[in-house]
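S.K.: Once you've had a glance at the structure underneath, I'll fire off some questions.
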Amino acid sequence: MDKQTVVVLFGGRSSEHSISSATAGGVLGAIDRERYEVIPVGITRDGAFVLEEDRPEKFPLDADHLPEVVDNGTRVRWPEPGGDRMLRVAAPDGSTVDLGRIDVVLPLLHGLHGEDGAIQGFFDVLDVPYAGGGILDSAVCLDKHFTKLALSAAGIAVAPGITVRQSDWESDPESIRRAVSELGDVVFVKPSDAGSSVGVSRVDGGEGLDEALRIAFAESPKVLIETQVSGREIEVGVLAGRDGARARASLPGEVVLTTRSFYDFEGKYLGGDGVDIVCPAEVDESLIAELQEAAVRAFEAVDGRGLARVDFFVTPEGRLVVNELNTMPGFTPISMFPKCWIASGLSYRDLITELIEAGLHR
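So for the sequence shown, UniProt numbering puts the first residue at 1; every next one is plus one.
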């Protein structure tokens, strides 16, 4: 069988650049090399497309080394729409080399310019197949304000909260403080369009609201302030169906906080103390079925196309509240999304293959 050429795309201009790079390290190390030819393409923090080394060990993720794509002077040249789909690279000396005909792109980008529909639209214009979410679901799910609107319209429960724009806060902070006081003693302040818990703060009794908003506004001019929902934090992976089949959901995993007040960046990616990842979650069969059905419903509500991780709170009364959806969830080998699918019987390598094949056939 002839191998198909997969462009693994990572890095990017968002604050989640290093997470994307670490994800690429995991994928480059696990992708089925007997089935695919791999071309690693990195995007620098300034937005340049460069040809990267095919060395997974170059992109580890630990507290002492946050990986990144460095400008090496090369420039990747994407094919023209309707052309030969040939990927080329311009070397620093100006010479150009053909890298191979693209069969599919695997975007492993998080945040703005990668998980918001922008890169998806770029590849649609080029008529180049790609894996993962489409334009609409990516855009809706990156912006948590619009995610909540879409879910609410579908009758899916979300956390009570308000959306605050930076201009509103600067012009009338007292009205914002009054609105926040009505949300309860504990609220979470989060940028509307950032992920990986970047810029997220917990505010107790109104103390620290100004600082929390300053941190969030540094990431986005639009911020959500939400009531704390007490309950278990449960996450479910969803993969789009093929050939008209309905999407399917993984077994649920649980984020168990021991000493941390919430699941922050360090806890998610740097192995910080105070949080345990339990997968599969210890829940009964009826709740598993309810979570899986609710995850697929949420995926359908945002017109999900490739994959998503659906994050829930399960209250003590058994009520399901959707916190958010991620259309390119953390995808390192230690991330919840792969762990959920591994627990469901799909290996990390096979999960990567599933995404690539879905991109090739949609």
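For every residue, glycine included, the Cβ atom is placed at its ideal position computed from N, Cα and C.
#1: How is ASP276 classed by DSSP in three states: helix, strand or coil?
#2: Candidates PRO129, ALA216, VAL89 and GLY237: which alpha carbon is nearest SER344's?
#3: So what does ARG305 bridge to, in DSSP terms?
#4: How is the beta strand (DSSP E) around LYS222 delimited, first residue to last?
#5: Within the chosen definition, does the region 343 to 357 reach the region 26 to 33 through at least 3 CB pairs nearer than 8 Å?
#6: I need the straight-line Cα distance from GLU57 to GLY25, nearest angstrom please.
#7: Can you find at least 3 beta carbon pairs, one from the region 111 to 127 and one from the region 293 to 300, that sit closer than 8 Å?
#8: Quick one: using the 10 Å Cβ neighbour count with 16 as the cut-off for buried, is GLU211 buried or exposed?
#9: Could you give the DSSP three-state label for GLU324: helix, strand or coil?
#10: Measure the beta-carbon distance from CYS340 to GLY231 and round it to whole angstroms, keeping in mind my assumption that it falls under 8 Å.
#11: Could you name each continuous beta strand (DSSP E) segment of 3 residues or more that falls completely within the region 6 to 51, going from the start of the chain to the end?
#12: From VAL8 to SER20, what does the alpha carbon distance come to, in whole angstroms?
#13: What residues are listed by DSSP as bridge partners for TYR130?
#14: According to DSSP, is HIS65 helix, strand or coil?
#15: Relative to the C-alpha of ILE135, which candidate in ASP116, ASP193 and ARG101 has its C-alpha closest?
#16: Please tell me whether ARG305 and GLY133 are closer than 8 Å, where the distance is taken between their beta carbons.
#17: If distances are taken between C-alpha atoms only, which option among ASP98, LEU66, GLN166 and VAL321 comes closest to LEU74?
M.R.: Working from what's here:
#1: strand
#2: GLY237
#3: Answer is none; ARG305 lacks a bridge partner.
#4: 222 to 227
#5: yes
#6: 7 Å
#7: no
#8: exposed
#9: strand
#10: Actually they do not touch by this definition, with Cβ atoms about 19 Å apart.
#11: 36 to 43 and 49 to 51
#12: 11 Å
#13: VAL105
#14: strand
#15: ASP116
#16: yes
#17: Sequence inspection shows Thr at residue 74; the Leu mentioned does not correspond to that position. It is ASP98.
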